[in-house]
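Below: the structure, in structure tokens.
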Amino acid sequence: MILGGFLFVWSVRDITAEWPQIFVGLTSVFCTAMGFGLIIMPLDNNPEAE
């Protein structure tokens, strides 16, 4: 999630061309979504119970 936020700020502030800004912006959204998904993913604390 931190990487996604950094990429978003970097793409808005420093990149002036249109297509690289779109690509980095979409990558930042993907990184943020993956980080959030890993945070809320339930953990298997009892592997013996099947």
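Every letter in the sequence shown is one number past the one before it in my numbering, and letter 27, counting from 1, is 10. The C-beta atom is built at its ideal place from N, Cα and C for all residues, glycine as well.
- Taken atom to atom, the span from the alpha-carbon of residue -10 to that of residue 19 is near 16 Å.
- Sixteen is the threshold: since fewer than 16 other Cβ atoms of the shown chains lie within 10 Å of the Cβ of residue -12, the residue is exposed.
- Rounded to whole angstroms, residue -1 and residue 13 show a C-alpha spacing of 21 Å.
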